[in-house]
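Colleague: Got a structure for you, questions after.
In this note's numbering, the protein residues as written are 4 to 304.
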């Protein structure tokens, strides 16, 4: 269970083997008239980290457009919020008590109360899907352990907002509906319940690992993050290959079918979860195999 949860966290905070301590990359060559950039984000890091990334402000200023995983404005659009809420809610008026064994429900209720100050008797929590409850618990737990962190200040949103202020184009590699389905669809209720109990039974361990991953992200220490997650538990908590494909690798491959045309329009700053950047199936390697020159911005040229 622990390995599975940590791998989900990797979507936001890390890459895979072979990556340098680097979050910002420059893309050039293969006929591009001007370079583009890709920056890896972490949803559990403070916005202030942007001021410590060499070349990031310059990349934003040079960009004629910013491209995120999605257009973040869709998340706050009333229709988008309604679709997200529906995806995070159990179907047919069910509650977690209907899908969890009594002992598991009692444990989940106890942990939810300890983390959030209110238990699963609250309808708004009881009606959440197991995956949605894990997402909420993870965020609230992190905020409690890091009082200065504001989850409403997200790097993804910041870059799109700044681009809009400057009159630049903002776009997404995916639609909101697609991302909602990736994050909250595609898994059986049994698998979601299994992952919820994974979190519930290992709260302190998971909190410590998340803290460590975020600290390593702020140091841009990709290899350190990998060392932290190398050991498998050989339990049902380990991520299934098809889950990692759906969450990360299939999306990386899809993005590579879209990025060339976007970059051909002009200098683009791509802003995506850092877990998409590294490894042989990561965005950096895929761009290189496609014929582009991809180098760390801080690396002397």
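By construction, the Cβ of each residue, glycine as well, lies at the ideal position given by its N, Cα and C atoms.
Using C-beta distances below 7 Å, list every residue in its chain close to residue 288, excluding the 5 sequence neighbours before and after it, in chain order.
Modeller: The residues are 282.
Colleague: So residue 185 is in the alpha helix (DSSP H); what residue range does that whole segment cover?
Modeller: 179-187
Colleague: Assign residue 293 to one of three DSSP states: helix, strand, or coil.
Modeller: coil
Colleague: Residue 148: buried (16+ other C-beta within 10 angstroms of its C-beta) or exposed?
Modeller: Residue 148 should be labelled exposed.
Colleague: Are the Cβ atoms of residue 57 and residue 301 separated by less than 8 Å?
Modeller: Against a cut-off of 8 Å, the Cβ pair of residue 301 and residue 57 comes out as a contact.
Colleague: Given a cut-off of 8 Å, decide if residue 187 and residue 113 are closer than it, judged by their beta-carbon atoms.
Modeller: no
Colleague: Who are the near neighbours of residue 115 in its chain, counting only those whose CB is closer than 6 Å to its CB and skipping five residues on each side?
Modeller: Closer than 6 Å at the Cβ level, and outside the excluded window around residue 115, lie 122, 123.
Colleague: From the DSSP output, in three-state form, read off residue 233 for me.
Modeller: In this prediction, residue 233 has a pLDDT of 45, which is less than 50 and means its spatial position is unreliable; nothing more can be read from the coordinates.
Colleague: Taking the runs of the beta strand (DSSP E) that are 3 residues or longer, which of them lie wholly in the stretch 62-118?
Modeller: Fully contained in the stretch 62-118 are the following beta strand (DSSP E) runs of length 3 or more, in chain order: 68-71.
Colleague: Closest by CA to residue 167, which one among 35, 296, 76?
Modeller: Nearest Cα to residue 167 within the set 35, 296, 76: 76.
Colleague: Leaving out five residues before and five after residue 269 in sequence, what residues of the same chain have Cβ atoms less than 6 Å from its Cβ?
Modeller: 67
Colleague: According to DSSP, simplified to helix, strand and coil, what is residue 299?
Modeller: strand
Colleague: Please tell me whether residue 244 has its Cβ less than 8 Å away from any Cβ of chain D.
Modeller: Reference to chain D is not applicable here, since this structure consists of a single protein chain.
Colleague: At what residues does the beta strand (DSSP E) containing residue 27 begin and finish?
Modeller: 27-31
Colleague: Between residue 292 and residue 109, what straight-line distance do the alpha-carbon atoms span, to the nearest angstrom?
Modeller: 50 Å
Colleague: Let me make sure I understand the geometry here. Which of 184, 214, 201 has the alpha-carbon closest to that of residue 254?
Modeller: Comparing alpha-carbon positions, the option among 184, 214, 201 lying closest to residue 254 turns out to be 184.
Colleague: Between residue 43 and residue 280, which are expected to be in contact by the criterion C-beta below 8 Å, what is the C-beta distance as a whole number of angstroms?
Modeller: 5 Å
Colleague: Which one or two residues does DSSP pair with residue 174 in a beta bridge?
Modeller: 70
Colleague: Among 163, 131, 195, which residue has its Cα nearest to the Cα of residue 243?
Modeller: 195
Colleague: Can you pull the DSSP bridge partners for residue 43?
Modeller: 275
Colleague: With a CB to CB cut of under 8 Å and the five nearest residues on each side skipped, what residues in its chain are close to residue 74?
Modeller: 163, 173, 174, 175, 179
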